[in-house]
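The sequence shown finishes on residue 336 if you use my numbering, and the numbering steps up by one all the way, no holes.
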Amino acid sequence: MWGTLSNGVAPMTDQFSLQNDRVEWRHHWGPMPDGLPLGPRDDEGVMRAQFREMPQGFGIRLLTFRFIRDSQKVHVSPFILRIKDNEILSWSPDPQDFIRRLQIEWDQKPSWTQSVERCALEILDELLGSLFPFLDDVSDAMARVERDTLTLPQSQALADRIFSLRHQILQARRQMASERDAILRLVRYWSTHPSSSAFYGVDIYDQMLRVFDTVDTYREMMTSIVDLYMSSVSNRLNEVVKTLTLATTVLLPGSLVAALYGMNFDELPFSHHRYGFYGVLALILIIAGLLLWLFRRRRWL
């Protein structure tokens, strides 16, 4: 038996058990215990949410998300919940903060421990609530990338950051879509078993829809940031081409005059004049100066 804190709550070890006259809840983290119907991954190796109706209850695998700022990666962990009669068995590979909060609230809020359905709803509500800090971290990362796109010169490192963040958001959106579908199946399951859980389950589904819609908005925003970056690259390329074109236009007349006087003919104007070389050089500079004045007048420079 595990030890208890001064308020009667089991400490954060690799497992704990909470119970009263109506509900028994056992949670494990670390190696997966026996008795859970859903593994951490599907057969194809893709981590996604899933719901499965079972005799005397159901099993559901949901996902928790955490954004790692240093590497700009999304860390996804499974959370499995098994309901059978008046027993709840849950598992996660590592400790979760929302589980710790539920441990503390077990005796403080007895209303949600009166039935196994209400207890399961509270667990799901806390799990979905833990997604909002993840959304805030992703939003901050997007703001930093957008600022750098506008202020920093284009580079391969910046492009890698943009496309990596976009890929992470797209992957999280696909996984949250499976989570949305799993919760919808849970709500439909509860709707066939008349109880207050069907009503509260709709609230859980609405909350999941808000999270999914937010991630979908992030996907659209990342598409806009990619377009902004590509536009910046295109504008920079246009500036380079414009500069090279103007330089070529300024140097072309001088090159033409120099080429003419470099031809092997004797009857060129001023070719035998004492100051012919300096006159041709002055002509080249005057033409270049006139072109530069014309370009500046037309606001091409």
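Note that CB positions come from ideal geometry on N, CA and C, so glycine has one too.
### Query
Apart from the five residues just before and just after ASP78, which ones in its own chain have a Cβ nearer than 6 Å to its Cβ?
With a pLDDT of only 49 at ASP78, under the threshold of 50, the placement of this residue in the model should not be trusted, and no figure is reported.
### Three-state secondary structure assigned by DSSP to GLY94
Of the three classes helix, strand and coil, the one that applies to GLY94 here is strand, per DSSP.
### Message
Ignoring anything shorter than 4 residues, give me the alpha helix (DSSP H) runs that lie fully in the region 261-327, in order along the chain.
### Response
Fully enclosed alpha helix (DSSP H) runs of 4 or longer: not present.
### Task
Apply the 10 Å Cβ neighbour rule to ARG331 and answer buried if 16 or more other Cβ atoms are within range, or exposed otherwise.
So ARG331 counts as exposed.
### C-alpha gap between ASP251 and ARG334, whole angstroms
When rounded, the separation of the alpha-carbon atoms in ASP251 and ARG334 is 43 Å.
### Query
DSSP on SER165, reduced to helix/strand/coil?
Three-state DSSP puts SER165 in coil, outside helix and strand.
### Message
If I measure Cβ to Cβ from ASN55 and keep anything under 7 Å in the same chain, skipping five residues before and after, which residues do I get?
### Response
So the qualifying residues of the chain are THR148.
### Message
I'd like to confirm the pairing. Which residues does DSSP put opposite TRP126 in its beta bridges?
### Response
Its beta-bridge partners are HIS63, ILE115.
### Query
In three-state DSSP terms, what is ARG333?
Here ARG333 carries a coil assignment [DSSP, helix/strand/coil].
### Task
Output the boundary residues of the beta strand (DSSP E) element that contains MET89.
Run containing MET89: 85-89, per the beta strand (DSSP E) assignment.
### Task
Starting from ILE218, follow its DSSP beta bridges and name the residues at the other end.
ILE218 is not bridged to any residue.
### Task
Evaluate the contact criterion for the region 208-219 versus the region 277-290: three or more CB pairs, one atom per stretch, below 8 Å.
With the cut-off at 8 Å, the region 208-219 and the region 277-290 do not touch.
### Query
On the three-state DSSP scale, how would you describe ARG101?
In this structure, ARG101 counts as strand in the three-state DSSP scheme.
### Message
Please tell me whether GLU122 and LEU137 are closer than 8 Å, where the distance is taken between their beta carbons.
### Response
It is not a contact, given that the beta carbons lie outside the stated cut-off.
### Message
Counting beta carbon pairs with one atom in the region 110-118 and one in the region 148-159, are three or more of them shorter than 8 Å?
### Response
At 8 Å Cβ cutoff, the stretches touch.
### Local conformation of VAL58 per DSSP, three classes
Coil.
### Query
Got a sec? Which residues, its chain only, sit under 6 Å from LEU170 by beta carbon, not counting five neighbours each side?
Excluding sequence positions up to five before and after LEU170, its CB lies within less than 6 Å of the CB of THR249, all in the same chain and listed in chain order.
### Test item: CB-CB of ILE204 and MET243 under 8 Å
No, the pair does not count as a contact, with Cβ atoms beyond the cut-off.
### Task
Identify every residue that forms a DSSP beta bridge with HIS110.
According to DSSP, which records beta bridges pairwise, HIS110 is partnered with ARG101.
### Message
Closer than 8 Å is the cut-off here; do at least three beta carbon pairs connect the region 60-70 with the region 188-203?
### Response
At 8 Å Cβ cutoff, the stretches do not touch.
### Query
For ALA323, which residues from the same chain have a beta carbon less than 8 Å from its beta carbon, with the 5 sequence-adjacent residues on both sides left out?
Hits under 8 Å: VAL285, LEU286, PRO288, GLY289.
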